[in-house]
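One point on numbering: in this note's numbering, the residue at position 396 of the sequence shown is 444, and numbering is uninterrupted.
From the three backbone atoms N, C-alpha and C, an ideal C-beta is built for every residue, glycine too.
What follows is a short report on a single structure.
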Amino acid sequence: MTSEATADAPDDEREPEAPPRVGLGVIAREWGRIGCTGFGGPPTHIALLRQLCVQRRGWISASEFEDGIAATNLLPGPASTQLAIFTAWRLRGTPGALIGGLCFIVPGLVLILALAALFLAGDPPLWVLGAAAGAGAAVAAVAVQAAVALVPAGWKRAGDRPAARARWVGYVLAGGAAAASAGPWLVLVLVAAGLVEMGVRARPAVPRPGGRAAWPVPLALAVPAAGGLGALAWVAFKVGALSYGGGFVIIPLMQADAVDRYHWMSDGQFLNAVALGQITPGPVVQTVAVVGYAAAGLGGGLLAAAVAFAPSFLMVIRGGPRFDQLRGSAAVQGFFTGAGPAVIGAIAGSSIPLALVLRHGWQFGVLAAAAVWLLGLKRGVVGALLGAGALGIVAASAGWPVT
Numbered sequence: 049m050t051s052e053a054t055a056d057a058p059d060d061e062r063e064p065e066a067p068p069r070v071g072l073g074v075i076a077r078e079w080g081r082i083g084c085t086g087f088g089g090p091p092t093h094i095a096l097l098r099q100l101c102v103q104r105r106g107w108i109s110a111s112e113f114e115d116g117i118a119a120t121n122l123l124p125g126p127a128s129t130q131l132a133i134f135t136a137w138r139l140r141g142t143p144g145a146l147i148g149g150l151c152f153i154v155p156g157l158v159l160i161l162a163l164a165a166l167f168l169a170g171d172p173p174l175w176v177l178g179a180a181a182g183a184g185a186a187v188a189a190v191a192v193q194a195a196v197a198l199v200p201a202g203w204k205r206a207g208d209r210p211a212a213r214a215r216w217v218g219y220v221l222a223g224g225a226a227a228a229s230a231g232p233w234l235v236l237v238l239v240a241a242g243l244v245e246m247g248v249r250a251r252p253a254v255p256r257p258g259g260r261a262a263w264p265v266p267l268a269l270a271v272p273a274a275g276g277l278g279a280l281a282w283v284a285f286k287v288g289a290l291s292y293g294g295g296f297v298i299i300p301l302m303q304a305d306a307v308d309r310y311h312w313m314s315d316g317q318f319l320n321a322v323a324l325g326q327i328t329p330g331p332v333v334q335t336v337a338v339v340g341y342a343a344a345g346l347g348g349g350l351l352a353a354a355v356a357f358a359p360s361f362l363m364v365i366r367g368g369p370r371f372d373q374l375r376g377s378a379a380v381q382g383f384f385t386g387a388g389p390a391v392i393g394a395i396a397g398s399s400i401p402l403a404l405v406l407r408h409g410w411q412f413g414v415l416a417a418a419a420v421w422l423l424g425l426k427r428g429v430v431g432a433l434l435g436a437g438a439l440g441i442v443a444a445s446a447g448w449p450v451t
């Protein structure tokens, strides 16, 4: 920890009118460090960024940082990645956003592609197959835990009115049912929930959102490319542009495309991809790099990652100056008040198809153990997946089926 005078000052006493001019080399070093050590998903990423920008360096005020969290959560895409881009943009504009965002993303991307090469090899060692089968078995429990973690804030946002809370429950159920059964059409349910809530809250004085809230609809309805790199780029773009509320919400969409439509991966390999997205630093959205690797090798992995993260950079760099206006829009707030609980339901509902693809009895035992670890003991995701992988290695060594 540094010895700057600002380090010991209370957060609410540091309200700079403008952020200091931070060197691009400093941004590269600090955001790269977070990219290397950010195991544990968005909560860890947010905590590390707050510690750096607010508590340790005093570059950004506490209130502005919280506003940044709120604003990036209103955007589709990986919210913690967008927060990393936003904080770097706040310090050095577009160059800072590009360097900070890339340095945050690249370490996890390099690691997940290296692991993809190992796990998707044509003839991987037995212990690798066991670790993959074990970690994949725990993924459904991770999805449920991710949804449960979002419930308190979402319930609070619904307010105290019985009608609003009843709609909240309805949106959750709709999202869960869609994730369990609708696959790539899940996004339509999320958008519909947002539009319904926006309509309920609409008043004559409230301006229409100009179609911004419904922009994912044409994306979901568009005809996908026939195959090849065009199809991969299209799938990656949907992942990056439609992942409201966290990476797990796009798991059913990605699974439908990667496994059922284009047959780039088996169900088991897709579970492995999701597990790798959880145990590596960086957002769950980096799972798409494993899908890209399965589809077209290293080039496909890099293409998928580039396309998936491009919307986040564009939205933050182009929209950063208008974040306050975005947060103040009653129409936008209404849309996300409806879409938010549908996202929670979708994340929970994604656990059903993830569990249904398990093939061996011992995997269900691993799933149950992971559920106890995550939901009963409230322990970490990385520990759950590493432990599940270790159990898979034991199963493979005992001669139990792993493929």
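Self-check item: Between the CA atoms of Phe412 and Ala136 - distance to the nearest angstrom
Solution: 43 Å
Practice problem: Would you kindly check if the distance between the Cβ of Leu433 and the Cβ of Gln326 is under 8 Å? | Solution: yes
Self-check item: Closest residue to Ala225 among Ala132, Ile392 and Pro369 (Cα-Cα distance)
Solution: Ile392
Quiz prompt | Alpha-carbon to alpha-carbon, Ala132 and Gly148 | solution = 7 Å
Quiz prompt | Uninterrupted beta strand (DSSP E) stretches inside the stretch 399–438 (no shorter than 3 residues) | solution = none
Practice problem: For Asp208, name the three-state secondary structure that DSSP assigns. | Solution: coil
Quiz prompt | Per-residue burial, Pro300 [other beta carbons within 10 Å of its own, 16 or more giving buried] | solution = buried
Practice problem: Please state whether DSSP places Leu131 in a helix, a strand or coil. | Solution: helix
Quiz item: What is the rounded straight-line gap between the Cα of Arg77 and the Cα of Leu100?
Solution: 12 Å
Self-check item: Beta-carbon separation (whole angstroms), Gly348 vs Tyr341, contact threshold 8 Å
Solution: 6 Å
Quiz item: For the candidate residues Val190, Val450 and Leu351, whose alpha-carbon lies nearest to that of Lys426?
Solution: Val190
Quiz item: Who are the Cβ neighbours of Cys84 in its own chain at under 7 Å, not counting the five residues just before and after it?
Solution: Pro155 and Pro329
Practice problem: Whole angstroms is fine: what's the gap from Ala222's alpha carbon to Arg213's? | Solution: 14 Å
Quiz item: Just checking, does the stretch 302–315 make contact with the stretch 366–383 on the three C-beta pairs under 8 Å criterion?
Solution: no
Quiz prompt | For Leu290 and Leu243, the rounded distance between their alpha carbons | solution = 15 Å
Quiz item: Taking Cβ positions, are Val217 and Ala396 nearer each other than 8 Å?
Solution: no
Quiz item: In terms of alpha-carbon separation, which member of Ala390, Arg104, Gly367 and Asp171 lies closest to Gln130?
Solution: Gly367
Practice problem: Using the Cα positions of Pro172 and Val336, report the straight-line distance between them to the nearest angstrom. | Solution: 21 Å
Quiz item: Are the beta-carbon atoms of Gly424 and Gly182 separated by less than 8 Å?
Solution: no
Quiz item: In three-state DSSP terms, what is Ala164?
Solution: helix
Practice problem: Go ahead and pull the three-state DSSP assignment for Gly367. | Solution: helix
Practice problem: In angstroms with no decimal places, state the Cα-to-Cα distance between Ser51 and Ala354. | Solution: Note that Ser51 scores a pLDDT of 39, beneath 50, so its modelled location is shaky and nothing firm can be said.
Quiz prompt | Proximity to Ala387 [Cα-Cα], best of Leu234, Val287 and Trp175 | solution = Leu234
Quiz item: Among Ala194, Ala197, Ala228 and Ala240, which one has its Cα closest to the Cα of Gly215?
Solution: Note on residue identity: the sequence assigns Arg, not Gly, to residue 215. The residue with the shortest Cα to Cα distance from Arg215 is Ala240.
Self-check item: Cα-Cα separation between Gly89 and Val332, rounded to whole angstroms
Solution: 7 Å
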